[in-house]
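Peer 1: Counting from 1 along the sequence shown, just add 2 to a position and that's the residue number in this note's numbering.
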Amino acid sequence: MSRRIQTLLAVVLVGFLGLFLTLPDAVQAGQAKTEVRWFQWKTTEVGEKLMNEVKAAFEKDNPDVTLTLVDSPFLGFHDKVINLFQANVLADVVMAQVDWPVEYAELGILEPLDAFIAKEPKPFMDNIFPTFHKKWRGKQYYLPIETGPVALFYNTEIFKKAGIAGPPKTWDEYVQIAKKVTNP
3 MSRRIQTLLA
13 VVLVGFLGLF
23 LTLPDAVQAG
33 QAKTEVRWFQ
43 WKTTEVGEKL
53 MNEVKAAFEK
63 DNPDVTLTLV
73 DSPFLGFHDK
83 VINLFQANVL
93 ADVVMAQVDW
103 PVEYAELGIL
113 EPLDAFIAKE
123 PKPFMDNIFP
133 TFHKKWRGKQ
143 YYLPIETGPV
153 ALFYNTEIFK
163 KAGIAGPPKT
173 WDEYVQIAKK
183 VTNP
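1) So, using beta-carbon positions, are phenylalanine 76 and tryptophan 102 closer together than 7 Å?
2) If we count the other Cβ atoms within 10 Å of its Cβ and call it buried at 16 or more, is leucine 52 buried or exposed?
3) Return helix, strand or coil for phenylalanine 134, following the three-state DSSP convention.
4) Helix, strand or coil: how does DSSP classify threonine 149 here?
5) Count the other C-beta atoms from every protein chain shown that fall within 10 angstroms of the C-beta of isoleucine 111, then say buried if there are 16 or more, exposed otherwise.
6) Under three-state DSSP, which class holds lysine 171?
7) Please say whether proline 114 and lysine 141 have beta carbons closer to each other than 7 Å?
8) Just reading off the alpha helix (DSSP H) that threonine 158 is part of, what are its end residues?
9) Around the Cβ of alanine 98, are there at least 16 other Cβ atoms within 10 angstroms (buried) or fewer (exposed)?
10) For leucine 69, I'd like the list of residues in its chain whose CB is within less than 7 Å of its CB, leaving aside the five on either flank, ordered along the chain.
11) Our contact map puts valine 67 next to threonine 36 with C-beta atoms below 8 Å; I'd like the distance itself, whole angstroms only.
12) Around the Cβ of valine 100, are there at least 16 other Cβ atoms within 10 angstroms (buried) or fewer (exposed)?
13) Determine whether the beta carbon atoms of proline 123 and phenylalanine 134 lie at a separation below 7 Å.
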């Protein structure tokens with residue numbers, strides 16, 4: 003298994019730890035396994051294979067739990083999560099774009115994770131890119147499962163005319179270059 007998949011698997015499994023601290027003691031003598039519903043948008047074959055590996059590893063480590071992956075198309079996924087919540091069809095774990103957690107938290111779809119994170123070994127949050135440490139109203143409502151590439155396109159002719167050799171390497175450089183190439 004590649005290092006990237008191992009890291010992703012670790013982040014996902016630790017995220018599940020928080021979930022299980024909130025579950026009631028549903029698994030008692032004679033009762034069925036606890037079902038955990040993971041709402042996600044339909045992904046690529048590679049992503050589907052990875053999530054099935056995560057599911058298998060999670061269920062191996064938690065034999066009293068069944069992880070149910072609930073797939074939906076990405077188009078309309080945001081609204082579907084809200085509609086299902088309003089219909090009291092709840093997910094235990096839900097995927098979200100980076101701009102959705104605040105709205106979901108405000109609607110009561112998400113539960114703060116701070117108490118669960120506090121119980122983890124210190125390196126837990128150190129292994130998560132600082133951008134994802136952002137809190138809303140002082141609380142942590144989400145943990146990353148993935149991040150996508152970000153690109154910056156620029157007009158080389160405008161840069162040449164302004165005497166700029168290449169793209170910015172820091173946000174401070176970005177601001178300075180933007181001021182230099184923008185007409186007041």
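Idealized CB from N, CA, C, for every residue including glycine.
Peer 2: Based on what the coordinates show:
1) Here residue 76 is taken as the residue at index 74 of the sequence shown, counted from 1. Here residue 102 is taken as the residue at index 100 of the sequence shown, counted from 1. Not in contact: phenylalanine 76 and tryptophan 102 (Cβ atoms no closer than 7 Å).
2) Indexing the sequence shown from 1 puts residue 52 at position 50. Label assigned to leucine 52: buried.
3) In the sequence shown, residue 134 corresponds to position 132, counting from 1. Reduced to three states, the DSSP call for phenylalanine 134 is helix.
4) Indexing the sequence shown from 1 puts residue 149 at position 147. Threonine 149: coil per DSSP, three-state reduction.
5) Your numbering for residue 111 matches position 109 in the sequence shown. The residue is buried, with at least 16 neighbouring Cβ atoms inside 10 Å.
6) Mapped onto the sequence shown, residue 171 falls at position 169. Note: lysine 171 maps to coil in three-state DSSP.
7) The residue you call residue 141 lines up with position 139 of the sequence shown. The residue you call residue 114 lines up with position 112 of the sequence shown. Yes, they are a contact pair.
8) Within the sequence shown, residue 158 is the residue found at index 156, counting from 1. Residues 158-163.
9) Your numbering for residue 98 matches position 96 in the sequence shown. So alanine 98 ends up on the buried side.
10) The residue you call residue 69 lines up with position 67 of the sequence shown. Hits under 7 Å: Val38, Trp40, Lys57, Phe60, Glu61.
11) In the sequence shown, the residue the question calls residue 67 occupies position 65. In the sequence shown, the residue the question calls residue 36 occupies position 34. That pair is a contact at about 5 Å.
12) On the sequence shown, position 98 is the one that residue 100 refers to. So valine 100 ends up on the exposed side.
13) Stepping through the sequence shown from its first residue, residue 123 is reached at position 121. Stepping through the sequence shown from its first residue, residue 134 is reached at position 132. Against a cut-off of 7 Å, the Cβ pair of phenylalanine 134 and proline 123 comes out as no contact.
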